[in-house]
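Visitor: If you read the protein sequences in the order shown, they are chains A and B. So in this note's numbering the end of the first sequence lands on 511, straight run, no missing numbers. So in this note's numbering the end of the second sequence lands on 233, straight run, no missing numbers. Glycine is no exception: its CB is placed at the ideal position from the N, C-alpha and C atoms. The structure displayed is predicted, hence computed values, not measured ones. A single structure is presented below for examination.
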Amino acid sequence: MGRTLAEKVWEDHIVRSAEGEPDLLYIDLHLVHEVTSPQAFDGLRVTGRPLRRPDLTVATEDHNIPTIDIDKPIVDPVSRAQVEALRNNCAEFGVPLYSLGDIEQGIVHVVGPQMGLTQPGMTVVCGDSHTSTHGAFGALAFGIGTSEVEHVLATQTLPLKPFKTMAITVDGELAEGVSAKDIILAVIAQIGTGGGQGYVLEYRGSAIRALSMEGRMTICNMSIEAGARAGMVAPDQITFDYLKGRAKAPSGADWDAALDYWSTLVTDEDATFDAEVVIDAASLAPFVTWGTNPGQGLPLSGSVPSPDQARDEVERVAIERALEYMDLTPGMPLREIPIDTVFVGSCTNGRIEDLRIVAEVLRGRTIAPGMRMLVVPGSVRVRLQAESEGLDEVFTAAGAEWRGAGCSMCLAMNPDKLAPGERSASTSNRNFEGRQGPGGRTHLVSPAVAAATAVRGRLSSPADIPAVA
Amino acid sequence: MEAFITHTGTAIPLRRSNVDTDQIIPAEYLKRITRDGFEDGLFSSWRKDPDFVLNKEHHAGASILIAGPDFGTGSSREHAVWALQNYGFKVVLSSRFADIFRGNSGKGGLLTAQVAQDVIESLWEAVETDPTVLVTVDLESRTVSAGSITAEFEVDDYVRWRLMEGLDDIGITLQYGDEITAFEAARPSYKPVAG
Ligand code: SF4
Numbered sequence: 043m044g045r046t047l048a049e050k051v052w053e054d055h056i057v058r059s060a061e062g063e064p065d066l067l068y069i070d071l072h073l074v075h076e077v078t079s080p081q082a083f084d085g086l087r088v089t090g091r092p093l094r095r096p097d098l099t100v101a102t103e104d105h106n107i108p109t110i111d112i113d114k115p116i117v118d119p120v121s122r123a124q125v126e127a128l129r130n131n132c133a134e135f136g137v138p139l140y141s142l143g144d145i146e147q148g149i150v151h152v153v154g155p156q157m158g159l160t161q162p163g164m165t166v167v168c169g170d171s172h173t174s175t176h177g178a179f180g181a182l183a184f185g186i187g188t189s190e191v192e193h194v195l196a197t198q199t200l201p202l203k204p205f206k207t208m209a210i211t212v213d214g215e216l217a218e219g220v221s222a223k224d225i226i227l228a229v230i231a232q233i234g235t236g237g238g239q240g241y242v243l244e245y246r247g248s249a250i251r252a253l254s255m256e257g258r259m260t261i262c263n264m265s266i267e268a269g270a271r272a273g274m275v276a277p278d279q280i281t282f283d284y285l286k287g288r289a290k291a292p293s294g295a296d297w298d299a300a301l302d303y304w305s306t307l308v309t310d311e312d313a314t315f316d317a318e319v320v321i322d323a324a325s326l327a328p329f330v331t332w333g334t335n336p337g338q339g340l341p342l343s344g345s346v347p348s349p350d351q352a353r354d355e356v357e358r359v360a361i362e363r364a365l366e367y368m369d370l371t372p373g374m375p376l377r378e379i380p381i382d383t384v385f386v387g388s389c390t391n392g393r394i395e396d397l398r399i400v401a402e403v404l405r406g407r408t409i410a411p412g413m414r415m416l417v418v419p420g421s422v423r424v425r426l427q428a429e430s431e432g433l434d435e436v437f438t439a440a441g442a443e444w445r446g447a448g449c450s451m452c453l454a455m456n457p458d459k460l461a462p463g464e465r466s467a468s469t470s471n472r473n474f475e476g477r478q479g480p481g482g483r484t485h486l487v488s489p490a491v492a493a494a495t496a497v498r499g500r501l502s503s504p505a506d507i508p509a510v511a
Numbered sequence: 039m040e041a042f043i044t045h046t047g048t049a050i051p052l053r054r055s056n057v058d059t060d061q062i063i064p065a066e067y068l069k070r071i072t073r074d075g076f077e078d079g080l081f082s083s084w085r086k087d088p089d090f091v092l093n094k095e096h097h098a099g100a101s102i103l104i105a106g107p108d109f110g111t112g113s114s115r116e117h118a119v120w121a122l123q124n125y126g127f128k129v130v131l132s133s134r135f136a137d138i139f140r141g142n143s144g145k146g147g148l149l150t151a152q153v154a155q156d157v158i159e160s161l162w163e164a165v166e167t168d169p170t171v172l173v174t175v176d177l178e179s180r181t182v183s184a185g186s187i188t189a190e191f192e193v194d195d196y197v198r199w200r201l202m203e204g205l206d207d208i209g210i211t212l213q214y215g216d217e218i219t220a221f222e223a224a225r226p227s228y229k230p231v232a233g
């Protein structure tokens, strides 16, 4: 019988399998950052175990580093201690580290692909749930906890139970102004935050094939928001073109050998998935969230829902609680929701393509009075590329702040936070209570919606704002 | 790791669904570099509310958390498990757990026992009626019981075995060093290296 893409990659990494036990899987690439690693390195020290493959391990500083004044010492002493712990651990165990100030520094899920480290058919892990991003290359990539980080450091393997597979087929053409972010928000609203639990999702169909690598990363990134283990897209010419010539991509005879292998990484015609979801791309519109989990989203043309629309008691309570936290009343048109902060960035939408879309909307316009807008590139290289295209000037001329690379207001571990009661339109991936600062309220949006919202001061798509004279 | 066979204690009813790890422990508490002391961050924003169930005097000392569906969604932070354990929880019951959270719990020795939502509902009622009622979670027989309620729970066989033996995953894997070395020898040369 045929095999799915995910099954092929899994089988190619089995070190050992035995009845009644999890498979032991080899890990090709282990990405590390400052927040989830200190206790794992400590574990190695305590047990006297060496780090098996420092050459397959890469670290960056991203979660709690500042995005301004990066040449000065980190002000928050606890953040500084954590970053210093990473530096010491990497030096002690021989792990390559891209520190603040390094040209390769950035959000771990932006850095891996951009260096060409993430390639089709690999297993990629990181102590971060958005590791699913790397699945855009046809890699099996998933987030792990700190004990598993320690396990990979010590053995370069992980004992894992097989997963189920789900096909998410998006066929047809997206309407003007509808992006990868809208696809994935619509998918999560449809299957729910637990709908992907136990599954690896494979995104297929003509609308997915038409997306750039950036768009595919945006979609795979948020697979975890549907509860899935991972998300994947089969590699194709767009993938190969993206990789060719990157620093860590193979070259010469290795490139040819790799390409031969990568070309086999598609789901066989006769393979079956455990579940299937079909979405008509043409039916999709700009999508925004109104609640406190990523499944609580609706098309921008919709209105805040009422608890009466819930399918069961659990959902009714969830809606009530979300409305209370978000301070919204049922029936209010989403386009009328006033926004005071716009955040553009994160491993979901902090890549060059995202910044270009935002700049295109902002060019010749200014952001609404009283609006605070942060534009935070996903990596130093994204920042430099944007500056070479003059995008930074567009942002600052419009009234936005142009920052250094990092996670920033995506999770508010650094000083970039919402104050209690503030309301953001954010291109990040989580709208949980307090995610962007205690008491802060988050609406998840695409880059185009973020930019138009900054201009109009209410949730908007570019079609809602007047043309530039 | 300490072996887990059976545990008896009082329980706290957490009538919320989709409790994500940002709620269990907000990011601002993640800056520590040790594995202990996270109890102060557990549900910290909800605990500001004096009516929040963890703040109830009569639930002090509880060691079992009875949660709504989709517990532990979101971020992979293992600090969520440590925070629950540091606070004193040994078991979380829910009708559905997020995968990564469940995996992390198994590694750290926190038992995540999955039962049907109607069992959760009756446990909630039992514990709310009498907060002193003792709940027993028995890993050997895979049952949870409290007063007149007895129900089976689901737990992965392998995780159950490891918890009952108190075994450390890394130690188990290191026995297969030769297999790992053999696998490495056969890896294609086009696979990237970091350094
Ligand atoms: S950008 Fe946000 S979601 Fe992505 S790795 Fe950083 S904190 Fe996590």
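Given a threshold of 16 other Cβ atoms within 10 Å of its Cβ, counted over all protein chains shown, does residue 511 (chain A) qualify as buried or as exposed?
Guide: By 1-based counting over the first sequence, the position of residue 511 (chain A) is 469. It counts as exposed.
Visitor: Hey, does residue 183 (chain B) have any beta-carbon neighbour from chain A nearer than 8 Å?
Guide: Against the second sequence, residue 183 (chain B) aligns to sequence position 145. Output row for residue 183 (chain B): interface = no.
Visitor: Does any residue of chain B have a CB that is nearer than 8 Å to the CB of residue 549 (chain A)?
Guide: Only positions 43 to 511 of chain A appear in the structure, and residue 549 (chain A) is not among them; the question remains open.
Visitor: Can you confirm whether residue 183 (chain A), when its beta carbon is compared against all beta carbons of chain B, has any partner nearer than 8 Å?
Guide: To locate residue 183 (chain A), count along the first sequence from 1; it is residue 141. No - not a single Cβ of chain B is within 8 Å of the one on residue 183 (chain A).
Visitor: In terms of residues, what are the limits of the alpha helix (DSSP H) holding residue 167 (chain B)?
Guide: Against the second sequence, residue 167 (chain B) aligns to sequence position 129. Residue range 155-167 is occupied by the alpha helix (DSSP H) that includes residue 167 (chain B).
Visitor: What is the DSSP secondary structure of residue 433 (chain A), reduced to helix, strand or coil?
Guide: The count along the first sequence starts at 1 and reaches residue 433 (chain A) at position 391. In this structure, DSSP gives residue 433 (chain A) a helical state, which the three-state scheme calls helix.
Visitor: Please confirm whether residue 356 (chain A) and residue 55 (chain B) have their CB atoms less than 8 Å apart.
Guide: Numbered from its first residue, the first sequence carries residue 356 (chain A) at position 314. Numbered from its first residue, the second sequence carries residue 55 (chain B) at position 17. Residue 356 (chain A) is a Cβ neighbour of residue 55 (chain B), given a cutoff of 8 Å.
Visitor: Closest to residue 450 (chain A) by CA distance: which of A:434, A:468, A:437 is it?
Guide: Translated into the one-based positions of the first sequence, residue 450 (chain A) becomes position 408. Looking at the Cα atoms, A:468 is the closest of the given residues.
Visitor: Does the distance from the CB of residue 85 (chain A) to the CB of residue 215 (chain A) come in under 8 Å?
Guide: In the first sequence, counting from the first residue as 1, residue 85 (chain A) sits at position 43. In the first sequence, counting from the first residue as 1, residue 215 (chain A) sits at position 173. Contact: no.
Visitor: Identify the contact partners of residue 415 (chain A) in chain B, using a Cβ-Cβ distance below 7 Å as the criterion.
Guide: Locating residue 415 (chain A) in the first sequence gives position 373, where the first residue counts as 1. Neighbours of residue 415 (chain A) on chain B: none; closest Cβ ~22 Å, over 7 Å.
Visitor: Kindly give me the distance between the Cβ atoms of residue 207 (chain A) and residue 315 (chain A), rounded to whole angstroms, as I take these residues to be in contact under 8 Å.
Guide: One-based indexing of the first sequence puts residue 207 (chain A) at position 165. One-based indexing of the first sequence puts residue 315 (chain A) at position 273. So it is a contact: roughly 5 Å between Cβ atoms.
Visitor: What's the call for residue 96 (chain A), buried or exposed, on a 16-neighbour Cβ count within 10 Å?
Guide: Locating residue 96 (chain A) in the first sequence gives position 54, where the first residue counts as 1. Buried is the call here.
Visitor: Can you tell me which of A:146, A:322, A:364 puts its alpha carbon nearest to the alpha carbon of residue 427 (chain A)?
Guide: Residue numbering aside, residue 427 (chain A) sits at position 385 when the first sequence is read from its first letter. When each option's Cα is compared against that of residue 427 (chain A), the closest is A:146.
Visitor: Which residues in the same chain as residue 318 (chain A) place their Cβ atom closer than 6 Å to its Cβ, once the five residues preceding and following it in sequence are excluded?
Guide: Translated into the one-based positions of the first sequence, residue 318 (chain A) becomes position 276. Around residue 318 (chain A): 209.
Visitor: What is the residue span of the alpha helix (DSSP H) that residue 385 (chain A) lies within?
Guide: Counted from its first residue, the first sequence places residue 385 (chain A) at position 343. From DSSP, residue 385 (chain A) is part of no alpha helix (DSSP H) but of the beta strand (DSSP E) over 383-386.
Visitor: According to DSSP, is residue 329 (chain A) helix, strand or coil?
Guide: In the first sequence, the residue the question calls residue 329 (chain A) occupies position 287. It is a strand residue.
Visitor: Could you check whether the Cβ of residue 149 (chain A) sits closer than 7 Å to any heavy atom belonging to the ligand SF4?
Guide: Here residue 149 (chain A) refers to the residue found at position 107 when the first sequence is read from its first residue. Yes - the ligand SF4 has a heavy atom lying nearer than 7 Å to the Cβ of residue 149 (chain A).
Visitor: How would you write the range of the alpha helix (DSSP H) that residue 489 (chain A) sits in, first residue to last?
Guide: Indexing the first sequence from 1 puts residue 489 (chain A) at position 447. Segment 489-498, the alpha helix (DSSP H) holding residue 489 (chain A).
Visitor: With distances taken between CB atoms, is the gap from residue 118 (chain B) to residue 126 (chain B) smaller than 8 Å?
Guide: Numbered from its first residue, the second sequence carries residue 118 (chain B) at position 80. Numbered from its first residue, the second sequence carries residue 126 (chain B) at position 88. Not in contact: residue 118 (chain B) and residue 126 (chain B) (Cβ atoms no closer than 8 Å).
Visitor: Within 7 Å: the Cβ of residue 58 (chain B) and any heavy atom of the ligand SF4?
Guide: On the second sequence, residue 58 (chain B) is found 20 positions in, with the first residue counted as 1. No.
Visitor: Mapping DSSP to helix, strand and coil, what is residue 87 (chain B)?
Guide: Residue mapping note: residue 87 (chain B) aligns to position 49 of the second sequence, counting from 1. Note: residue 87 (chain B) maps to coil in three-state DSSP.
Visitor: Indicate whether residue 98 (chain A) and residue 330 (chain A) have their beta-carbon atoms separated by less than 8 Å.
Guide: Start at 1 with the first residue of the first sequence, and residue 98 (chain A) comes out as number 56. Start at 1 with the first residue of the first sequence, and residue 330 (chain A) comes out as number 288. No, these two residues do not count as a Cβ contact at 8 Å.
Visitor: What does residue 56 (chain B) touch in chain A if you count any residue whose Cβ is under 7 Å from its own?
Guide: Sequence index remark: in the second sequence, residue 56 (chain B) carries index 18 (1-based). Per Cβ cutoff of 7 Å: 235, 335, 360.
Visitor: Does the beta-carbon distance from residue 56 (chain A) to residue 67 (chain A) come in below 8 Å?
Guide: In the first sequence, the residue the question calls residue 56 (chain A) occupies position 14. In the first sequence, the residue the question calls residue 67 (chain A) occupies position 25. For residue 56 (chain A) and residue 67 (chain A), yes; Cβs fall inside 8 Å.
Visitor: When the Cα atoms are used, what is the spatial distance from residue 188 (chain A) to residue 131 (chain A)?
Guide: Working through the first sequence from its first residue, we reach residue 188 (chain A) at position 146. Working through the first sequence from its first residue, we reach residue 131 (chain A) at position 89. About 15 Å.
Visitor: Just by C-beta distance, which residues in the segment 201-227 of chain B are closer than 9 Å to chain A?
Guide: 206, 207, 208, 209, 210, 211, 212, 214, 215, 217, 218, 220, 221, 222, 225, 226, 227
Visitor: Please confirm if residue 108 (chain A) has its CB atom under 8 Å from at least one CB of chain E.
Guide: Chain labels in this structure do not include chain E; the protein chains are A and B.
Visitor: At what residue ranges does the segment 290-344 of chain A contain a whole run of the beta strand (DSSP E), taking only runs of 3 or more?
Guide: 317-322, 329-331, 339-341
Visitor: Along the chain, which unbroken stretches of the beta strand (DSSP E) at least 3 residues long are found entirely within the segment 422-474 of chain A?
Guide: 465-468
Visitor: Under 7 Å: does the beta carbon of residue 104 (chain A) sit that close to some heavy atom of the ligand SF4?
Guide: Against the first sequence, residue 104 (chain A) aligns to sequence position 62. Taking 7 Å as the cut-off, one finds at least one heavy atom of the ligand SF4 near enough to the beta carbon of residue 104 (chain A).
Visitor: Taking Cβ positions, are residue 179 (chain A) and residue 162 (chain A) nearer each other than 8 Å?
Guide: Counted from its first residue, the first sequence places residue 179 (chain A) at position 137. Counted from its first residue, the first sequence places residue 162 (chain A) at position 120. Contact flag set, yes.
Visitor: Using a Cβ-Cβ cutoff of less than 6 Å, which residues in the same chain neighbour residue 404 (chain A) once the five nearest sequence positions on both sides are dropped?
Guide: Residue 404 (chain A) sits at position 362 when you count from the first residue of the first sequence. Here the set comprises 436, 440, 493.
Visitor: So, is the C-beta of residue 477 (chain A) closer than 8 Å to a C-beta in chain B?
Guide: Here residue 477 (chain A) corresponds to residue number 435 of the first sequence, with the count starting at 1. Yes, because at least one Cβ of chain B sits closer than 8 Å to the Cβ of residue 477 (chain A).
Visitor: Give a yes or no on whether the minimum CB-CB distance between residue 169 (chain B) and chain A is below 8 Å.
Guide: Reading the second sequence from its first residue, position 131 is the one you call residue 169 (chain B). Answer no: the Cβ-Cβ gap between residue 169 (chain B) and chain A never drops below 8 Å.
Visitor: Assuming residue 201 (chain A) is part of the beta strand (DSSP E), what are its boundary residues?
Guide: Counting from one through the first sequence, the residue named residue 201 (chain A) turns up at place 159. Note, residue 201 (chain A): beta strand (DSSP E), 199-202.
Visitor: Distance cutoff 8 Å, beta carbons only. Does residue 388 (chain A) sit that close to anything in chain B?
Guide: Indexing the first sequence from 1 puts residue 388 (chain A) at position 346. By this cut-off, residue 388 (chain A) is not an interface position.
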